[in-house]
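Residue numbers (the numbering used here): -3 to 405. Backbone N, C-alpha and C define an ideal beta-carbon position, used for all residues, glycine too.
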Amino acid sequence: MSCTIVVGAQWGDEGKGKIIDILASDADVIVRYQGGNNAGHTVVVGEEVFILHLVPSGILHKGKTCIIGNGVVIDPAALLAEIEMLRKKGVEVDGNLLISEAAHVIFPYHKVIDKRRGAEIGTTGRGIGPCYVDKMARCGIRMVDLVNEDSLKRKLKANLEGSREFDFEKIYREYLDYGKRIKIYLTNVPVFLNNAISKNKRILFEGAQGTLLDIDHGTYPYVTSSSATAGGALSGTGVGPTRIDKVIGVVKAYTTRVGEGPFPTQFKDDLMEKIRHKGKEFGATTGRPRRCGWFDAIITRHAVIVNGLDEIAVTKLDVLDEMEKIKICTGYKYKGKQYKDFPADIDVLTGCEPVYEEHNGWMRDTTSVTSYENLPKNAKAYLGRLSKLLDVKIGMVSVGSKRCQAFRA
Ligand code: GDP
Ligand code: IMO
Ligand code: MG
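Structure, rendered in structure tokens:
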């Protein structure tokens, strides 16, 4: 593993934090490349539960360099609060964290706009979308501007021109102060990463959200505003495609989604409550209950394709332990037509009837299984079927939230 990208292969919350934490023990550098504090990556270390929103999940391993790349949008107050939380829990941040000078900054007006306009999408309200809008409209303010008084003044003034809602002076002072506190972390990330690669350092790219939330490849417009797929790891850090050795997709053994938007395999019966309860499916960022459903091979095969996945890590297999029958969606039916490939048309995704195949469950506790061989026969058959349908190999299986509850497949 020299340069490995880890991406979510569904609608986020696949357990990327846990997989990154495991892989991080063999990495030197862990880098976030997109999204912002809309992400919530859970890592369980012993009895302690960490939820990371901006700082890469590798920070919990001593001595790893953790980087926030240019593709990430940063709310400085959220960043400083997270650093403080980590310090209080005894995690060493200073000296281990670097932040791109070119990352865009979230301002109070982004959050206000997001809360006003994001309801239809069910956004996290963190200001993510409006901040990326400013980036694309070329009026964004970047980390480097926070340490340049003149530049911050000029750009913020232009953005707030004519606004009665926001007090320029107050925001300017507040963000200058953030700049002073964050300055020690700022660096030229492309130079740092490319030096590290030339010294054969092992780099792990930590995706946030998931493929179906990607601005280009997701269930548009019910997506986030960044490139959550593997391609985003390149533009979001300044590392070229020739440097990447491996792409791993994180896949839940079933499917969940938070917020609005189509979800063909969503449970319609009491299975929703059962799986939500067993899988503790509540948002790590907003606490919202996650929508749950059967495994959808159509969306996940799409993720295999658009990310060029070399392998997948299947998480939360244990959540299906008590299911007598388990379904996998292998196609969609819509207006007399069968779909085997992911359709771009939101009407098809919203109105389609999923085609299922049914498998026998294993009805056995898997949480203490420590090797693939020792999984129940039907669990192996289920995983084998997923691998065949997705045409990708399974590299890792996770059967609980703890570090020890995962093994190579
Ligand atoms: P992320 O956003 O992809 O990092 O995922 P989240 O942290 O938002 O959600 C995944 C949740 O599942 C967290 O609460 C994890 O602790 C938990 N988790 C991860 N892997 C497993 C697993 O294999 N089994 C169970 N039961 N929980 C898991
Ligand atoms: P992690 O990294 C799951 C969803 C929101 C909403 C949509 C757009 O923990 O997997 P946004 O605030 O990004 O503009 O909201 O995207 N969403 C996530 N869902 N996991 C996430 O991150 C998410 N980040 C955003 O619920 O539907
Ligand atoms: Mg999450």
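Check, Outcome
"Proximity test, Gly396 beta-carbon vs the ligand GDP heavy atom, cut-off 7 Å", "yes"
"CA-to-CA distance, Ala98 to His273, given in whole angstroms", "41 Å"
"Inside the stretch 229 to 313 only - beta strand (DSSP E) runs reaching at least 3 residues", "242 to 248, 251 to 253, 287 to 289 and 307 to 311"
"Beta carbon of Leu148 nearer than 8 Å to that of Tyr171", "yes"
"Assigned exposure category for Arg253 - 16 Cβ within 10 Å defines buried", "buried"
"beta-carbon Lys276 near the ligand GDP non-hydrogen atom, thresh 7 Å", "yes"
"Check: Val2 C-beta below 7 Å from any heavy atom of the ligand GDP", "no"
"Distance cut-off 7 Å: Leu9 Cβ against heavy atoms of the ligand MG", "Residue identity differs from the one stated: residue 9 is Asp in this sequence, not Leu. Yes - the ligand MG has a heavy atom lying nearer than 7 Å to the Cβ of Asp9."
"Ala115 beta carbon near the ligand MG (any heavy atom closer than 7 Å)", "no"
"Neighbourhood of Arg83 by C-beta distance below 7 Å, restricted to the same chain and skipping five residues each side", "Val89"
"Ile102 - containing alpha helix (DSSP H), residue span", "Taken as a continuous stretch (DSSP letters only), Ile102 belongs to no alpha helix (DSSP H), as it is neither H nor E."
"Alpha-carbon to alpha-carbon, Asn374 and Gly32", "39 Å"
"Gly13 beta carbon near the ligand SAH (any heavy atom closer than 7 Å)", "Although the ligand SAH was asked about, the structure shown includes only the ligand GDP, the ligand IMO and the ligand MG as ligands."
"Closer than 7 Å: His49 CB and nearest the ligand MG heavy atom", "no"
"C-alpha distance - Ile167 paired with Leu156, whole-angstrom precision", "10 Å"
"Cβ pair Gln401, Gly228 closer than 8 Å", "no"
"Thr407, DSSP secondary structure in three states", "One cannot answer for residue 407 here, as it falls past the ends of the chain, which runs -3 to 405."
"Any 3 or more C-beta pairs closer than 8 Å across the stretch 307 to 322 and the stretch 343 to 353", "no"
"Coarse secondary structure for Val219, derived from DSSP in three states", "coil"
"CB of Gly86 within 8 Å of CB of Arg28, strictly", "no"
"Contact check, Ile15 vs Lys60, beta carbons under 8 Å", "no"
"Secondary structure, beta strand (DSSP E): runs of 3+ residues fully inside the stretch 310 to 394", "321 to 330, 333 to 335, 349 to 356 and 389 to 394"
"CB of Val69 within 8 Å of CB of Ile102, strictly", "yes"
"Ala5 beta carbon near the ligand MG (any heavy atom closer than 7 Å)", "no"
"Contact between the stretch 122 to 129 and the stretch 217 to 236 (3+ Cβ pairs under 8 Å)", "yes"
"For Lys398, the three-state DSSP class (helix, strand or coil)", "strand"
"Nonlocal neighbours in the same chain, by C-beta distance under 8 Å from Phe278, ignoring five residues either side", "Arg272, Arg284, Pro285 and Arg286"
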